[in-house]
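In the numbering used here, the protein residues as written are 6 to 269. Even glycine gets a Cβ: it sits at the ideal position worked out from N, Cα and C. The structure appears below as structure tokens.
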Amino acid sequence: MFKNLILIAVFAFGSSAFANDLTNLKVVGQDYFQGQKVLPLHALANQKLKAMGEDARDFELVGVTIEAKSKAGKGTATLIVGNDQDRRRVEKFGGSDIFFNITAPWAYHTMHWDLSGAEGKPNEHWRLRFNGNIKVHSVQLHVATAVKRVRIPMGDNLYTQDTLIGLKRTLGQMGHDVRRAQLKRVVLVAKSRAGKARARVLIGPNGSTPAKVIERAQNGFNFQSNAPRSYDRVGFTFMDPTPGRWQVDMRGQIKMKAIIVEFK
Numbered sequence: 006m007f008k009n010l011i012l013i014a015v016f017a018f019g020s021s022a023f024a025n026d027l028t029n030l031k032v033v034g035q036d037y038f039q040g041q042k043v044l045p046l047h048a049l050a051n052q053k054l055k056a057m058g059e060d061a062r063d064f065e066l067v068g069v070t071i072e073a074k075s076k077a078g079k080g081t082a083t084l085i086v087g088n089d090q091d092r093r094r095v096e097k098f099g100g101s102d103i104f105f106n107i108t109a110p111w112a113y114h115t116m117h118w119d120l121s122g123a124e125g126k127p128n129e130h131w132r133l134r135f136n137g138n139i140k141v142h143s144v145q146l147h148v149a150t151a152v153k154r155v156r157i158p159m160g161d162n163l164y165t166q167d168t169l170i171g172l173k174r175t176l177g178q179m180g181h182d183v184r185r186a187q188l189k190r191v192v193l194v195a196k197s198r199a200g201k202a203r204a205r206v207l208i209g210p211n212g213s214t215p216a217k218v219i220e221r222a223q224n225g226f227n228f229q230s231n232a233p234r235s236y237d238r239v240g241f242t243f244m245d246p247t248p249g250r251w252q253v254d255m256r257g258q259i260k261m262k263a264i265i266v267e268f269k
């Protein structure tokens with residue numbers, strides 16, 4: 006079941022960039038509900054994340070914050086995550102009906118559900134059900150990445166010889182502990198001079214992905230360009246355990262902007 010939390014600085018998470026793998030999504034603005042209204046939080050979160058270029062399947066719900074008030078102090082808000090429900094009273098603000106029609110942010114009660122330790126998983130349904138005569142100023146979802154995503158900048162460097170890049174060592178130098186992590190995906194943001202270069206990812210003492218071709222410059226750009234749209238994107242996905250080394254093995258003349266590594 007969910008835990009109560011005294012909200013102090015929940016809005017410091019930010020709304021556009023991920024900080025510490027946590028972000029704040031405002032999914033509902035000012036609204037007025039009478040009777041019963043169910044908000045499909047899961048679908049609203051998916052829409053927001055997709056608009057940000059993120060895959061909603063990579064995120065978990067770790068908290069919900071609402072700013073709301075009810076006219077007579079008898080309204081309720083029920084957070085439903087999977088098979089768990091938590092129903093709470095939506096209080097009347099200021100002890101007088103006159104405050105019900107004030108739309109200023111200060112004229113609402115703040116309510117917060119902390120789901121840490123019992124996260125709303127990506128494949129579960131998250132819903133918020135209002136009952137009563139309720140005005141809402143905002144509904145905000147706090148989501149965290151179920152998969153850690155790190156971008157390793159490669160500086161648009163040119164590699165003209167066969168090259169091995171140690172991902173675990175590089176991630177460790179960047180402050181990430183990946184000793185027990187499982188590799189989920191590697192994306193090479195790269196291009197080759199002749200469109201014939203190849204790359205693969207080496208796992209453990211003997212494991213290897215099939216080699217993939219790194220294409221020429223994209224979208225009408227030339228090989229010398231550093232524009233992000235000039236680079237090909239070559240992805241490798243991992244479903245099985247990935248113990249031991251993680252290395253990128255490249256063959257050919259390759260210019261590389263970044264390596265994106267996802268792990269958990």
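Where residue i falls, given that 16 or more other Cβ within 10 Å makes a residue buried
i    : result
I208 : buried
W111 : exposed
Y236 : buried
S21  : Any reading at S21 is ruled out, since the residue's pLDDT is 29, under 50, leaving its predicted position unreliable.
M261 : buried
I259 : buried
K74  : buried
K269 : exposed
V253 : buried
K55  : exposed
A232 : exposed
Per-residue DSSP class, three states only, for residue i
i    : result
F105 : helix
R250 : coil
S235 : helix
Q258 : coil
A222 : coil
G209 : coil
K196 : strand
L172 : helix
G99  : coil
Start-to-end residues for the alpha helix (DSSP H) that takes in residue i
i   : result
K55 : 46 to 56
Of the residues the options, the one placed nearest residue i, counting alpha carbons only
i    : options                : result
K201 : F38, G180, A77, R256   : R256
D36  : H147, M261, F226, N106 : N106
M116 : R132, R93, A109, N136  : R93
T168 : R205, A222, K189       : R205
Closer than 8 Å to chain D by CB, residue i
i    : result
V194 : In summary, chain D is missing from the structure at hand, where a single protein chain is found.
Span of the beta strand (DSSP E) around residue i
i    : result
Y164 : 153 to 164
N88  : That residue, N88, is in no beta strand (DSSP E); it is neither H nor E in DSSP.
Does the structure place the region 156 to 174 close enough to the region 238 to 245 that three or more beta carbon pairs sit under 8 Å? In short, these stretches do not touch, since the Cβ pair count stays below three.
Is the region 78 to 91 in contact with the region 145 to 152, if contact means three or more CB pairs nearer than 8 Å? Short answer: they don't touch.
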